[in-house]
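The next block holds one structure in the form of structure tokens; read it before the comments.
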Amino acid sequence: MVKNTLAFLMIMMLFDTCKPQTESESRWCDQLPREANTQFQKSEYSNYWFEVYQVQDSIYAIYEPYQWQEVISYLIIGNEFALLFDTGNGIGDIKEVVNKITSLPIRVLNSHSHYDHVGGNADFDYIYGMDTEFTRLRKQGLPHERVAEEVSPEALCKPLPEGVIAEEHSIQPYEIDEYVAEGFTIDLGNRLLEVISIPGHTPDAIGLWDKENRLMWTGDTFYQGAIWLFAKETNLTDYKRSISRLAKMSKSLKHLLPAHNIPLVDPSLLTELDDALLQIENSEVKGVDSTDGRIHYTFEHFTILMNKD
Ligand SMILES: [Zn+2]
7 MVKNTLAFLM IMMLFDTCKP QTESESRWCD QLPREANTQF QKSEYSNYWF EVYQVQDSIY
67 AIYEPYQWQE VISYLIIGNE FALLFDTGNG IGDIKEVVNK ITSLPIRVLN SHSHYDHVGG
127 NADFDYIYGM DTEFTRLRKQ GLPHERVAEE VSPEALCKPL PEGVIAEEHS IQPYEIDEYV
187 AEGFTIDLGN RLLEVISIPG HTPDAIGLWD KENRLMWTGD TFYQGAIWLF AKETNLTDYK
247 RSISRLAKMS KSLKHLLPAH NIPLVDPSLL TELDDALLQI ENSEVKGVDS TDGRIHYTFE
307 HFTILMNKD
């Protein structure tokens, strides 16, 4: 997801899709932790900014609960190197966390190039990137003005980490060392990961598939919360096609590992989302016009936000 000028209501929607819209009094972060996340034990690698959970053998979720995006990056430890799937907002020092977890070399792959997932990229030496125009554009970084809101008081549950200055927050440019595409495999020695191209949320959105262990990292293509389908780089037709593809795979999966809110999610929700998109297309559900200029479609496990046209 990507936030620029967001009404508080949307944060509430993001936090809990079932919450009535009148509860705009309390702060979103007063309701942390999310109930689904209480099952995870905070590992010793957690610090002031990040909560780190070991969610599977050799897989760590690195979660930023005190910033409204509630981004989750993942460290997947191999035999010869470790893959860092996303680098977060670039507010806390994710490299420091990762280096505590493993002494192996780190390679970075992004679920997509929105700023809340590439913020720490510049600190790493080896970065895989999708071979798309959008990826090439976003590797140039973003100036402070584009991400100032992400370090504003409304976006934070507690003061920024020591030494981090709000006025200086920006997304640093980074180099891409190896371009990848659909079907590219990353062999960690003990685990084989396959890139699947699932454009829609952005042109460079990917899933990362561990076939043997029946895991799928879904980035922002699917997470439990309010799913944003209104950005100008979002292509709804592509998105629907990508969700149909994932939904077909869902029965063979054990867990989804999304990039926001909750690190382990039931794959059957992909079928629900596929069905929800069809219901919207066929006008079988009624959306609610919101003051933010979008239509909100609320379902049991997620909300879908679309432009009005
Ligand atoms: Zn995001």
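Be aware that the sequence shown starts at 7, since it is given in the working numbering, and climbs by one per residue.
No residue lacks a Cβ here, since even glycine has one placed at the ideal position from N, Cα and C.
Because the structure is a prediction, the values reported are computed rather than measured.
Query	Result
Can you give the Cα-Cα distance for tyrosine 180 and aspartate 193, rounded to whole angstroms?	24 Å
By how many angstroms is the C-alpha of valine 61 removed from the C-alpha of serine 79?	12 Å
Going by alpha carbons, who is nearest to aspartate 129 out of Ile100, Leu143 and Leu162?	Ile100
Decide if the region 122-140 is in contact with the region 87-97; the criterion is three or more beta carbon pairs, one per stretch, under 8 Å apart.	yes
Measuring only from the beta carbon, is glutamine 75 closer than 8 Å to any heavy atom that is part of ligand 1?	yes
Check whether the Cβ of aspartate 226 lies closer than 8 Å to any heavy atom of ligand 1, and answer yes or no.	yes
Specify, as a first and last residue, the run of the beta strand (DSSP E) that phenylalanine 91 falls within.	88-91
Are threonine 227 and alanine 211 closer than 9 Å when you measure CB to CB?	yes
Where does tyrosine 54 sit, in a helix, a strand or coil, going by DSSP?	coil
List the whole-angstrom C-beta distance separating leucine 262 from valine 271, where the pair is believed to meet the contact cut-off of C-beta under 8 Å.	4 Å
Straight-line CA distance for proline 205 to proline 71?	27 Å
What are the boundary residues of the beta strand (DSSP E) that includes asparagine 313?	309-313
What do you reckon, is the C-beta of alanine 265 under 8 Å from a heavy atom of ligand 1?	yes
Report the residue from Gly299, Ser158, Tyr134 and Tyr51 whose alpha carbon sits nearest the alpha carbon of isoleucine 97.	Ser158
Based on the DSSP secondary-structure assignment, which residues constitute the bridge partners of leucine 148?	Ile177
Could you tell me which residues DSSP pairs with glutamate 369 in its beta bridges?	No statement about residue 369 is possible, as the shown extent of the chain runs from 7 to 315 and does not include it.
Got a sec? Which residues, its chain only, sit under 7 Å from serine 256 by beta carbon, not counting five neighbours each side?	Pro273, Ser274, Leu276 and Thr277
For glutamine 75, list the residues DSSP reports as bridge partners.	According to DSSP, which records beta bridges pairwise, glutamine 75 is partnered with nothing at all.
Cutting at 8 Å between CB atoms, please list the residues of its own chain near lysine 314, excluding the five before and the five after it.	Asp295, Gly299, Arg300 and Ile301
Do the CB positions of valine 201 and leucine 115 come within less than 9 Å of each other?	yes
Any beta carbon of chain D sitting closer than 9 Å to that of leucine 279?	The question asks about chain D, but that chain is absent: this structure has only one protein chain.
Is the distance from the Cβ of threonine 208 to the Cβ of threonine 243 below 9 Å?	no
Can you give me the start and stop residues for the beta strand (DSSP E) that aspartate 193 sits inside?	191-193
Cβ of asparagine 127 within 9 Å of Cβ of lysine 106?	no
Using a 10 Å radius around the Cβ and a threshold of 16 neighbouring Cβ atoms, would you call tyrosine 54 buried or exposed?	exposed
So which of Leu214, Ser176, Glu86 and Gly195 has the shortest CA-CA distance to threonine 108?	Glu86
My guess is that proline 264 and tyrosine 59 are in contact by the Cβ rule of under 8 Å, so how many angstroms apart are they, rounded?	Not a contact, Cβ separation roughly 14 Å.
At a cut-off of 8 Å, is aspartate 210 close to ligand 1 when judged by its beta-carbon and the heavy atoms of the ligand?	no
Mind checking alanine 67: buried by the 16 CB within 10 Å criterion, or exposed?	buried
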